[in-house]
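Scroll down for the structure; my scribbles are underneath it.
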Ligand SMILES: CC(C)(COP(=O)(O)OP(=O)(O)OC[C@H]1O[C@@H](n2cnc3c(N)ncnc32)[C@H](O)[C@@H]1OP(=O)(O)O)[C@@H](O)C(=O)NCCC(=O)NCCS
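In this note's numbering, the protein residues as written are 15 to 146.
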């Protein structure tokens, strides 16, 4: 998987149980995946269409470092699907453990918000992931 970004969990990010609020994790993952989608598809005009099952596997506490990784798993005509993993990173041991993972689909849109094909050069590069 490709490293996309990292976050540090702050007090303002916590929910009522003292764990990272799930909505904040979703926002981090959506933003990371969005940056990956626009970079890979070579266009700023990508919107999130779909977020699949999300598993919050481990509690994230204040001070925890979270690294977010992504991988392209499907290339369509106007859509791309990414597998995303958020991993808790221990800077002392260099160990990483998955705390949350999911799949997101993004669609390239035109000025009217209608789907348009991702550039053919990009689709060609990922054509091995294009079967439906
Ligand atoms: C994304 C959006 C433009 C798609 O419009 P649409 O009319 O549903 O598009 P289409 O039915 O033509 O499908 C477009 C692509 O999405 C895929 N798609 C549509 N529904 C899907 C679903 N439920 N699961 C997976 N893929 C789906 C289609 O297969 C197609 O992909 P392809 O071109 O690679 O084959 C529209 O749903 C939208 O504007 N959604 C809001 C986006 C948004 O505001 N996101 C949050 C902020 S970024």
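C-beta atoms are modelled at their ideal positions from N, C-alpha and C, and glycine is treated no differently.
In this structure, does DSSP put residue 57 in helix, strand or coil? As a working mapping, residue 57 is identified with position 43 in the chain shown. Coil.
Are the stretch 39-50 and the stretch 101-109 touching, with three or more C-beta to C-beta distances below 8 Å? The answer is no - the stretch 101-109 does not touch the stretch 39-50, with fewer than three Cβ pairs under 8 Å.
Quick one: any contact between the stretch 108-118 and the stretch 84-100, if contact means 3 or more CB pairs under 8 Å? Result yes; three or more Cβ-Cβ pairs closer than 8 Å.
Between which residues of its own chain and residue 18 is the CB-CB distance below 7 Å, once the five residues before and five after are set aside? By 1-based counting over the chain shown, the position of residue 18 is 4. The beta carbon of residue 18 lies closer than 7 Å to those of 46, 49, 50, 82, 83 and 84 in the same chain, with the five residues before and after it left out.
Unbroken beta strand (DSSP E) run spanning residue 1, endpoints: No statement about residue 1 is possible, as the shown extent of the chain runs from 15 to 146 and does not include it.
Rank 77, 108 and 43 by C-alpha distance to the C-alpha of residue 23 and give the top, closest one. If you number the chain shown from 1, residue 23 lands on position 9. Closest option to residue 23, Cα to Cα, is 77.
What is the DSSP secondary structure of residue 92, reduced to helix, strand or coil? Translated into the one-based positions of the chain shown, residue 92 becomes position 78. For residue 92, the three-state secondary structure derived from DSSP is coil.
Using the Cβ count rule (16 or more neighbours within 10 Å means buried), how would you classify residue 54? Residue mapping note: residue 54 aligns to position 40 of the chain shown, counting from 1. So residue 54 ends up on the buried side.
When you measure from the CB of residue 90 to every non-hydrogen atom of ligand 1, does any distance come out below 8 Å? What you label residue 90 is simply residue 76 of the chain shown in a count that begins at 1. Flag set: Cβ of residue 90 near ligand 1.
Hey, how far is the Cα of residue 137 from the Cα of residue 126? As a position in the chain shown, residue 137 is number 123, starting the count at 1. As a position in the chain shown, residue 126 is number 112, starting the count at 1. Here the C-alpha atom of residue 137 lies approximately 22 Å from the C-alpha atom of residue 126.
Exposed or buried, what is residue 74 when buried is set at 16 or more other beta-carbons lying within 10 Å of its beta-carbon? Here the question's residue 74 lines up with position 60 in the chain shown. So residue 74 counts as buried.
Would you please state the rounded distance, in angstroms, between the beta carbons of residue 120 and residue 63? I believe it to be under 8 Å. As a position in the chain shown, residue 120 is number 106, starting the count at 1. As a position in the chain shown, residue 63 is number 49, starting the count at 1. Confirmed, Cβ separation roughly 6 Å.
How many Å lie between residue 72 and residue 25 at the Cα? For the purposes of this step, residue 72 is identified with residue 58 of the chain shown, where counting begins at 1. For the purposes of this step, residue 25 is identified with residue 11 of the chain shown, where counting begins at 1. One C-alpha to the other measures close to 18 Å.
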